[in-house]
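J.:
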Amino acid sequence: MSDKRMDYKQSEINFQSILADPMQMFANWYDEVQKSGAIAEPYAMHLSTVGVDGYPRSRVVLLKEFNELGYVFYTNYNSQKGKAIAKDPRVCLSFFWDKLERQVIIKGLAEKLSHGQSEEYFNKRPLESQIGAIVSDQSSVIGFETDLSAESKILQEEYKHRKICMPGHWGGYLVKALEIEFWQGRPGRLHDRLRYKLESGRWLTERLAP
Ligand SMILES: Cc1cc2nc3c(=O)[nH]c(=O)nc-3n(C[C@H](O)[C@H](O)[C@H](O)COP(=O)(O)O)c2cc1C
Numbered sequence: 017m018s019d020k021r022m023d024y025k026q027s028e029i030n031f032q033s034i035l036a037d038p039m040q041m042f043a044n045w046y047d048e049v050q051k052s053g054a055i056a057e058p059y060a061m062h063l064s065t066v067g068v069d070g071y072p073r074s075r076v077v078l079l080k081e082f083n084e085l086g087y088v089f090y091t092n093y094n095s096q097k098g099k100a101i102a103k104d105p106r107v108c109l110s111f112f113w114d115k116l117e118r119q120v121i122i123k124g125l126a127e128k129l130s131h132g133q134s135e136e137y138f139n140k141r142p143l144e145s146q147i148g149a150i151v152s153d154q155s156s157v158i159g160f161e162t163d164l165s166a167e168s169k170i171l172q173e174e175y176k177h178r179k180i181c182m183p184g185h186w187g188g189y190l191v192k193a194l195e196i197e198f199w200q201g202r203p204g205r206l207h208d209r210l211r212y213k214l215e216s217g218r219w220l221t222e223r224l225a226p
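If you count by this note's numbering, then the sequence shown holds residues 17 to 226, one letter each, in order.
(1) Mind listing, in chain order, the continuous alpha helix (DSSP H) runs of no fewer than 4 residues lying wholly within the stretch 148–217?
(2) Output yes or no for whether 8 Å exceeds the beta carbon distance between residue 211 and residue 224.
(3) Could you tell me the distance, in whole angstroms, from the CA atom of residue 164 to the CA atom of residue 73?
(4) Let me know the secondary structure DSSP gives residue 34 once reduced to three states.
(5) Here's the rule I'm using: 16 or more other beta-carbon atoms within 10 Å means buried, otherwise exposed. How should residue 130 be labelled?
(6) Among 147, 133, 85, whose alpha-carbon lies nearest the alpha-carbon of residue 174?
(7) What are the boundary residues of the beta strand (DSSP E) that residue 128 is part of?
(8) Between the Cα of residue 94 and those of 35, 184, 132, 107, spot the shortest distance and give me the residue it belongs to.
(9) Quick check on residue 91: buried or exposed, where buried means 16 or more other Cβ atoms within 10 Å of its Cβ?
(10) Alpha carbon to alpha carbon, how far is residue 209 from residue 226? Give it in angstroms, no decimals.
(11) Quick one: is residue 202 buried, meaning 16 or more other Cβ sit within 10 Å of its Cβ, or exposed?
(12) First and last residue of the beta strand (DSSP E) that includes residue 81?
See the structure below:
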């Protein structure tokens with residue numbers, strides 16, 4: 017891999033006409049990525065947390081919504097990430113949209129959505145996914161012989177004609193951004209980086225060296 021090199025030249029950030037609102041900038045970039053059709057799951061993002069052991073840990077989760085309040089994903093509150101966030105809500109989200117040579121890094125604070133908000137989303141999920149949230153005690157150690165799909169099938173039969181309730185350990189988080197950095201690959205490793213920082217309720221903009 018040491019001799020593999022890509023030159024990035026698809027686009028650039030125009031520092032002369034920066035949008036005041038980073039969420040609008042994110043929406044524009046996301047829209048372009050989605051329209052390009054080049055990224056299979058543009059809504060897949062890395063979520064990094066500070067673990068209860070003090071180590072950082074990153075994993076992929078799916079962004080389900082973003083708006084002026086922040087970024088929403090769903091998970092099991094008892095998972096490693098759930099326990100990490102309960103102890104320390106400081107998180108990082110990052111997207112790498114390789115075909116468009118773009119990266120976005122978001123620093124923020126995660127907070128649980130209300131039960132009602134999570135339930136609204138849970139009720140829209142396919143039965144199989146709803147049951148997945150019940151069957152899997154996410155991040156716990158399980159026996160090698162455990163047959164989760166058999167357990168899921170039994171429950172799918174059971175709930176075919178019954179309303180399924182969202183388990184209390186499942187729900188969403190809203191990540192409220194404090195900093196958002198946009199990175200656009202440029203030729204010769206002279207990439208464009210634009211950082212928005214929230215200070216006293218206002219977004220400050222800074223250009224960073226590549
Ligand atoms: C493409 C992709 C999407 C994923 N989406 C989610 C998700 O939305 N929520 C979730 O809890 N886990 C999701 N996962 C699984 C997580 O990466 C991770 O394995 C799981 O949440 C347990 O993480 P933890 O033990 O650090 O809490 C996804 C994994 C991949 C590769």
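We treat Cβ as the ideally placed atom computed from N, Cα and C, and that holds for glycine.
T.: Judging by the given coordinates:
(1) 164–174
(2) yes
(3) 25 Å
(4) coil
(5) exposed
(6) Answer by Cα proximity: 147.
(7) 118–128
(8) 184
(9) buried
(10) 7 Å
(11) buried
(12) Judged by DSSP secondary structure, residue 81 falls within the beta strand (DSSP E) whose first and last residues are 81–83.
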